[in-house]
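Scroll down for the structure; my scribbles are underneath it.
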Amino acid sequence: MRAIRRLNVHPVLPAALEPLKELALNLRWAWHRDTQLLFRAVDPELWDEMGPDPTRLLGRVSPSRLAELAEDTTFVRNVERAARDLEDYLSADLWYQRQAREEALHGIGYFSAEFGITEALPQYSGGLGILAGDHLKAASDLGVPIIGVGLLYREGYFRQSLNASGWQQERYPVLDPHDMPLRLLLEDGEPVQITVPLGDGELTAQVWIAQVGRVPLLMLDSNLAANTPEQRHVTDRLYGGDADHRLAQEVLLGVGGVRALRAYCRITGRPAPAVYHCNEGHAGFLGLERIREYMAEGLDWQTAVEHTRAGNVFTTHTPVPAGIDRFGREKVADQFGGFGDLPVDRVLALGSEDYEGGDPGVFNMAVMGFRLGQRANGVSKLHGVVSREMFQGLWPAFDTSEVPIRSVTNGVHHRTWMHPELLELVEARTGDAASVTDGSDWSAIDRIDDNTLWSLKRQMRGELVTDARVRLARSCRQRGIGGEWVSNALSPHTLTLGFARRGASYKRLTLMLTDADRLARLLNDPDRPVQIVIAGKSHPADDIGKSLIQQMVQFADRPDVRGKIVFLPDYDISLARTLYPGCDVWMNNPLRPYEACGTSGMKAAMNGAMNLSVRDGWWDELYDRRWGWEIPSAEATIDPQLRDRQEAEFLYEIIESQIVPLFYERDSQGLPTGWLRMMRDSIGRLAPQITAGRMVRDYVQELYLPAADASADFDRDGLAADLAQWKHRVRDAWSGVEVVSVDQDDRVAALGDTLDFAVEVRLGSLSPGDVAVQVVTGEVDDHDVLHEVSTHVLSHANGGDGTYRYEGQVTPAVAGTLGYTVRVIPHHRGLVSGAEMGLAAVAEG
Numbered sequence: 003m004r005a006i007r008r009l010n011v012h013p014v015l016p017a018a019l020e021p022l023k024e025l026a027l028n029l030r031w032a033w034h035r036d037t038q039l040l041f042r043a044v045d046p047e048l049w050d051e052m053g054p055d056p057t058r059l060l061g062r063v064s065p066s067r068l069a070e071l072a073e074d075t076t077f078v079r080n081v082e083r084a085a086r087d088l089e090d091y092l093s094a095d096l097w098y099q100r101q102a103r104e105e106a107l108h109g110i111g112y113f114s115a116e117f118g119i120t121e122a123l124p125q126y127s128g129g130l131g132i133l134a135g136d137h138l139k140a141a142s143d144l145g146v147p148i149i150g151v152g153l154l155y156r157e158g159y160f161r162q163s164l165n166a167s168g169w170q171q172e173r174y175p176v177l178d179p180h181d182m183p184l185r186l187l188l189e190d191g192e193p194v195q196i197t198v199p200l201g202d203g204e205l206t207a208q209v210w211i212a213q214v215g216r217v218p219l220l221m222l223d224s225n226l227a228a229n230t231p232e233q234r235h236v237t238d239r240l241y242g243g244d245a246d247h248r249l250a251q252e253v254l255l256g257v258g259g260v261r262a263l264r265a266y267c268r269i270t271g272r273p274a275p276a277v278y279h280c281n282e283g284h285a286g287f288l289g290l291e292r293i294r295e296y297m298a299e300g301l302d303w304q305t306a307v308e309h310t311r312a313g314n315v316f317t318t319h320t321p322v323p324a325g326i327d328r329f330g331r332e333k334v335a336d337q338f339g340g341f342g343d344l345p346v347d348r349v350l351a352l353g354s355e356d357y358e359g360g361d362p363g364v365f366n367m368a369v370m371g372f373r374l375g376q377r378a379n380g381v382s383k384l385h386g387v388v389s390r391e392m393f394q395g396l397w398p399a400f401d402t403s404e405v406p407i408r409s410v411t412n413g414v415h416h417r418t419w420m421h422p423e424l425l426e427l428v429e430a431r432t433g434d435a436a437s438v439t440d441g442s443d444w445s446a447i448d449r450i451d452d453n454t455l456w457s458l459k460r461q462m463r464g465e466l467v468t469d470a471r472v473r474l475a476r477s478c479r480q481r482g483i484g485g486e487w488v489s490n491a492l493s494p495h496t497l498t499l500g501f502a503r504r505g506a507s508y509k510r511l512t513l514m515l516t517d518a519d520r521l522a523r524l525l526n527d528p529d530r531p532v533q534i535v536i537a538g539k540s541h542p543a544d545d546i547g548k549s550l551i552q553q554m555v556q557f558a559d560r561p562d563v564r565g566k567i568v569f570l571p572d573y574d575i576s577l578a579r580t581l582y583p584g585c586d587v588w589m590n591n592p593l594r595p596y597e598a599c600g601t602s603g604m605k606a607a608m609n610g611a612m613n614l615s616v617r618d619g620w621w622d623e624l625y626d627r628r629w630g631w632e633i634p635s636a637e638a639t640i641d642p643q644l645r646d647r648q649e650a651e652f653l654y655e656i657i658e659s660q661i662v663p664l665f666y667e668r669d670s671q672g673l674p675t676g677w678l679r680m681m682r683d684s685i686g687r688l689a690p691q692i693t694a695g696r697m698v699r700d701y702v703q704e705l706y707l708p709a710a711d712a713s714a715d716f717d718r719d720g721l722a723a724d725l726a727q728w729k730h731r732v733r734d735a736w737s738g739v740e741v742v743s744v745d746q747d748d749r750v751a752a753l754g755d756t757l758d759f760a761v762e763v764r765l766g767s768l769s770p771g772d773v774a775v776q777v778v779t780g781e782v783d784d785h786d787v788l789h790e791v792s793t794h795v796l797s798h799a800n801g802g803d804g805t806y807r808y809e810g811q812v813t814p815a816v817a818g819t820l821g822y823t824v825r826v827i828p829h830h831r832g833l834v835s836g837a838e839m840g841l842a843a844v845a846e847g
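Under our numbering, think of the first position of the sequence shown as 3, with each following residue one higher.
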């Protein structure tokens with residue numbers, strides 16, 4: 003029989019244990035070992051059964067056990083100590099408070115379609131959500147005043163299993179928010195409800211709060227009786243449904259998210275955020291809601307846009323156009339046709355692909371993100387380069403190096419992802435040492451003796467083997483196949499390689515199968531064997547990705563390799579907790595440059611695993627032979643099958659000739675001293691560079707604070723209205739701007755010589771204060787196109803009546819052929835970049 007509805011019965015805690023409720027509701031426990039151990043002591047067997055989930059634990063522990071604990075003075079003291087520790091953590095002056103900039107940046111709204119905080123709150127699908135969760139955790143540890151905004155999906159993302167043939171199966175368990183570490187946003191004792199226009203009607207949502215340490219995460223939920231059945235399903239599944247369903251979700255996330263944020267700040271007395279961070283294009287409609295708010299205050303469209311842009315930060319995570327959300331223009335027009343006073347033609351222009359190669363029939367969410375975010379970034383240095391090339395069409399008059407998309411390389415929350423005993427070894431005793439970063443003394447790893455470090459790694463590998471066998475046995479039962487071999491699957495003494503990725507084809511899960519017999523020989527080497535642990539999900543609609551998983555599973559089913567290469571279904575945080583520490587090498591072999599960042603390799607590195615990767619994403623900028631190996635990328639090979647074969651050959655060769663010998667080479671004590679040296683470098687020298695703390699500090703210093711300052715300037719002195727009027731005037735007059743002549747001695751110059759330039763420009767109705775005149779120099783290709791450009795600003799010398807003379811000097815920094823041109827670009831103190839408006843008048847040859 004099926005239940006017609008659910009009834010929640012909350013536990014009644016004895017007074018002495020009452021602090022456990024608050025400890026359970028604050029998700030700091032997800033990365034705080036002492037709090038986890040406290041909850042485990044409540045009922046160790048039940049804790050292990052429930053997984054790390056204090057809310058469910060307290061809901062199921064027996065009243066008699068609670069009464070017993072209330073009489074246990076030691077346990078009660080531990081509860082009181084944990085409650086005081088949490089209170090201290092929530093009120094302490096941390097890194098951000100010590101920056102003395104709270105008056106400038108009193109809040110950041112961080113919008114994301116998914117958040118991976120803990121498996122007890124399954125609201126994530128993969129890398130984007132885990133990154134967002136780590137962002138909130140690190141912000142909490144640093145005291146950065148972020149408020150997260152997302153959706154609460156009643157079925158989350160799918161759970162994965164396999165059938166007998168290895169084909170992925172999906173199921174969507176119904177989630178009950180009352181059974182998760184959440185509370186409703188209340189006002190006067192009643193749940194707060196926000197509404198958003200959706201189609202021809204209105205959608206109502208309530209707001210749940212997940213408290214992530216110091217950071218509140220607001221999650222909107224449309225499963226309310228006030229909505230139609232169709233509306234109630236808007237927040238049913240993460241990345242589910244058709245285009246209409248996705249559009250509805252993104253309207254609720256962006257527009258409804260801002261409204262939920264307003265309600266939360268009003269109720270709690272917090273100031274409204276100064277900065278709004280759109281983590282990927284899913285939340286891009288937040289910009290339209292902010293424009294609507296400004297226009298409701300009496301501002302015109304363009305002034306409202308400038309106010310909004312000043313405080314918006316946009317992060318793109320995809321290096322491929324297919325990964326960007328696009329909607330039909332008519333759908334967006336229908337949705338926003340009556341949205342306040344916003345003119346629908348201007349709304350559509352924000353997402354228009356009105357550039358060479360663009361599709362005029364679609365509304366591009368990333369394009370809107372760039373147009374409404376005065377500051378934008380990719381998520382690794384290489385991804386910044388790729389993004390500038392990908393979106394250059396928005397700034398066609400500028401070299402790709404000048405496109406205003408910077409990069410902030412992702413990081414991972416080490417307190418979450420490092421094995422607890424390894425984390426304890428590097429825990430800082432004081433915070434003033436030069437080697438202390440994010441609460442860890444990374445140099446401490448060099449003070450650990452080889453035997454201790456190797457014993458811990460063997461323990462971590464053994465924990466992975468134990469967990470993998472449990473999961474394999476479960477998978478065999480689900481598949482209906484024999485599992486007698488599972489008890490001997492994997493070995494805690496064997497070199498262990500890990501690979502866990504989404505099933506996207508560019509990640510090339512099956513590259514290692516290119517020469518299956520060669521791989522089998524590696525796995526079956528009697529003296530120096532290799533074992534491989536694999537995990538990953540494919541999107542339910544991606545049959546190509548599912549077929550790749552099936553190929554891998556069917557290979558792993560072969561009798562000659564079974565138990566030596568395994569596929570573990572249902573990759574999630576709980577599996578990651580043993581997978582990253584248990585691996586010795588982390589493999590990553592995407593088609594370069596399609597991996598935006600690839601943070602799983604960072605989590606492995608923190609646990610002393612070396613990376614074996616194509617130089618893509620973060621590995622491109624941080625690769626060093628001290629902590630891993632580079633798989634050469636055969637990008638010049640046009641034939642994709644030949645490229646795969648070449649790169650697979652590199653992969654096999656590195657494993658056979660470098661990794662295997664180094665791992666199995668032992669000293670007289672039986673220790674792999676060369677391998678341990680690499681482990682120390684990976685933990686002690688690489689890990690500090692890839693923490694989420696470093697990432698969040700970069701966002702604060704390079705993006706959030708400048709955006710907050712710009713937003714304050716716009717609010718304070720009328721800069722937004724001035725900039726809006728100025729932009730309108732400049733655009734109208736730009737056709738009259740041209741470079742009339744360039745006077746430069748074309749003599750052969752010696753390195754270090756100064757070259758004099760005199761330029762005459764016509765500005766039409768504009769004045770010299772409206773523009774900057776630049777000499778642009780750089781390398782030239784066979785078509786005289788400039789690359790890797792540098793700019794040199796010329797000074798206004800004289801002139802009038804629309805024609806002006808500019809002069810200046812350029813000193814070449816390198817020898818060789820130097821190409822140059824002269825251009826005029828708009829200039830205003832409210833612009834962040836000279837490329838911001840996409841306008842330039844360039845000298846003709």
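The beta carbon of each residue, even a glycine, is placed where N, CA and C say it ideally should be.
*asked:* Please report the distance separating the alpha-carbon of L184 from that of A694.
replied: Here residue 184 is taken as the residue at index 182 of the sequence shown, counted from 1. Here residue 694 is taken as the residue at index 692 of the sequence shown, counted from 1. Computed Cα separation, rounded: 24 angstroms.
*Just reading off the beta strand (DSSP E) that W588 is part of, what are its end residues?*
As a working mapping, residue 588 is identified with position 586 in the sequence shown. Its beta strand (DSSP E) spans residues V587 to N590.
_C-beta atoms of H284 and L255 nearer than 8 angstroms_ = For the purposes of this step, residue 284 is taken as the residue at position 282 of the sequence shown. For the purposes of this step, residue 255 is taken as the residue at position 253 of the sequence shown. Yes, they are a contact pair.
*Is it right to say R831 is buried, meaning 16 or more other beta carbons lie within 10 angstroms of its own, or is it exposed?*
Numbered from its first residue, the sequence shown carries residue 831 at position 829. Exposed.
*Would you please state the rounded distance, in angstroms, between the beta carbons of V315 and H279? I believe it to be under 8 angstroms.*
Start at 1 with the first residue of the sequence shown, and residue 315 comes out as number 313. Start at 1 with the first residue of the sequence shown, and residue 279 comes out as number 277. That pair is a contact at about 5 angstroms.
*May I ask which residues mark the beginning and end of the alpha helix (DSSP H) holding H385?*
By one-based count along the sequence shown, residue 385 stands at place 383. Per DSSP, H385 belongs to the alpha helix (DSSP H) from K383 to M392.
*Would you mind sorting H785 into buried or exposed? The rule is 16 or more other CB atoms within 10 Å of its CB.*
Counted from its first residue, the sequence shown places residue 785 at position 783. H785 comes out exposed.
*Note down, one range per segment and in chain order, each alpha helix (DSSP H) of at least 4 residues found wholly within the segment 489-535.*
518-525
*Can you give the beta carbon distance from V844 to A399, rounded, assuming they're within the 8 angstroms contact cut?*
Start at 1 with the first residue of the sequence shown, and residue 844 comes out as number 842. Start at 1 with the first residue of the sequence shown, and residue 399 comes out as number 397. Indeed they touch by this definition, with Cβ atoms about 7 angstroms apart.
*Can you find at least 3 beta carbon pairs, one from the segment 93-101 and one from the segment 31-42, that sit closer than 8 angstroms?*
no
*asked:* Taking the alpha carbon of N590 as the reference point, which residue from A611, D574, L577 and D572 has its own alpha carbon closest?
replied: Your numbering for residue 590 matches position 588 in the sequence shown. It is A611.
*May I have a chain-ordered list of the alpha helix (DSSP H) segments no shorter than 4 residues that lie completely inside the segment 439-493?*
452-481
*Does DSSP put R687 in a helix, a strand or coil?*
Taking the sequence shown and counting its residues from 1, one reaches residue 687 at position 685. Residue state, collapsed to three classes: helix.
*Collapsed DSSP secondary structure at G203 in the structure displayed*: Here the question's residue 203 lines up with position 201 in the sequence shown. In this structure, G203 counts as strand in the three-state DSSP scheme.
*Looking at C-beta atoms only, is the number of pairs between the segment 494-503 and the segment 529-544 that lie closer than 8 angstroms three or more?*
yes
*Secondary structure at S66, three-state DSSP: helix, strand or coil?*
Here residue 66 refers to the residue found at position 64 when the sequence shown is read from its first residue. Residue state, collapsed to three classes: helix.
*Anticipated Cβ contact below 8 angstroms, I326 with N366, distance rounded*: Here residue 326 corresponds to residue number 324 of the sequence shown, with the count starting at 1. Here residue 366 corresponds to residue number 364 of the sequence shown, with the count starting at 1. Between N366 and I326 the Cβ distance is about 6 angstroms, and since that is below 8 angstroms, they are a contact.
_I need the DSSP call for R377, collapsed to helix, strand or coil._
Here residue 377 is taken as the residue at index 375 of the sequence shown, counted from 1. In the structure shown, R377 sits in a strand (DSSP, three-state: E or B).
*Taking only the alpha-carbon atoms, compute the straight-line gap between H180 and I211 and give it to the nearest angstrom.*
Looking up residue 180 in the sequence shown gives position 178. Looking up residue 211 in the sequence shown gives position 209. Whole-angstrom Cα-Cα distance: 12 angstroms.
*Just the C-alpha distance for V742 and R764, rounded to the nearest angstrom, thanks.*
Here residue 742 refers to the residue found at position 740 of the sequence shown. Here residue 764 refers to the residue found at position 762 of the sequence shown. Roughly 6 angstroms between the two C-alpha positions.
_Assigned exposure category for V410 - 16 Cβ within 10 Å defines buried_ = Stepping through the sequence shown from its first residue, residue 410 is reached at position 408. Buried.
*Candidates L226, P147, Q251 and S382: which alpha carbon is nearest E597's?*
As a first step, residue 597 is located in the sequence shown; it is residue number 595 there, counting from the start. Here the closest residue by C-alpha is S382.
_Own chain residues within Cβ distance below 6 angstroms of T675, not counting five before or after_ = Working through the sequence shown from its first residue, we reach residue 675 at position 673. Answer for T675: D669, listed in chain order.
*Hey, would you say G259 sits closer than 8 angstroms to F372, going by beta carbons?*
Locating residue 259 in the sequence shown gives position 257, where the first residue counts as 1. Locating residue 372 in the sequence shown gives position 370, where the first residue counts as 1. No. Outside cutoff.
*What separation, rounded to the nearest whole angstrom, lies between the Cα atoms of E172 and V388?*
Here residue 172 refers to the residue found at position 170 when the sequence shown is read from its first residue. Here residue 388 refers to the residue found at position 386 when the sequence shown is read from its first residue. Approximately 33 angstroms, taken between the alpha carbons.
*In the structure shown, what three-state DSSP assignment does A774 receive?*
Position 772 of the sequence shown, counted from the start, is the residue given in the question as residue 774. Correct three-state label for A774: strand.
*Roughly how many angstroms lie between the CA atoms of G286 and E252, to the nearest whole one?*
Along the sequence shown, read from residue 1 onward, the residue named residue 286 stands at position 284. Along the sequence shown, read from residue 1 onward, the residue named residue 252 stands at position 250. About 8 angstroms.
*Under the three-state reduction of DSSP, which class applies to M370: helix, strand or coil?*
Within the sequence shown, numbered from 1, the residue matching residue 370 stands at position 368. Reduced to three states, the DSSP call for M370 is helix.
*asked:* Considering only DSSP beta bridges, list what I633 is partnered with.
replied: Here residue 633 is taken as the residue at index 631 of the sequence shown, counted from 1. Looking at the DSSP assignment, I633 forms a beta bridge with V616.
*Cβ contact check for the segment 795-806 and the segment 771-787: 3 or more pairs under 8 angstroms*: yes
_Assumed close pair K548, W169 - CB separation to whole angstroms, cut-off 8 angstroms_ = On the sequence shown, residue 548 is found 546 positions in, with the first residue counted as 1. On the sequence shown, residue 169 is found 167 positions in, with the first residue counted as 1. Contact holds; Cβ gap of about 6 angstroms.
*Where does R479 land, buried or exposed, given buried means 16+ other C-beta within 10 angstroms?*
Taking the first residue of the sequence shown as 1, we reach residue 479 at position 477. That one is exposed.
*State yes or no: is the C-beta of L396 within less than 8 angstroms of the C-beta of L424?*
Along the sequence shown, read from residue 1 onward, the residue named residue 396 stands at position 394. Along the sequence shown, read from residue 1 onward, the residue named residue 424 stands at position 422. The answer is no: Cβ separation not under 8 angstroms.
*Answer yes or no: do A32 and T305 have a C-beta to C-beta separation smaller than 8 angstroms?*
Within the sequence shown, the letter at position 30 stands for residue 32. Within the sequence shown, the letter at position 303 stands for residue 305. No, the pair does not count as a contact, with Cβ atoms beyond the cut-off.
*Counting along the chain, where does the beta strand (DSSP E) carrying A324 start and finish?*
Taking the first residue of the sequence shown as 1, we reach residue 324 at position 322. No beta strand (DSSP E) holds A324; DSSP gives it neither H nor E.
*Is it right to say V14 is buried, meaning 16 or more other beta carbons lie within 10 angstroms of its own, or is it exposed?*
The residue labelled residue 14 in the question sits at position 12 within the sequence shown. The residue is exposed, with fewer than 16 neighbouring Cβ atoms inside 10 Å.
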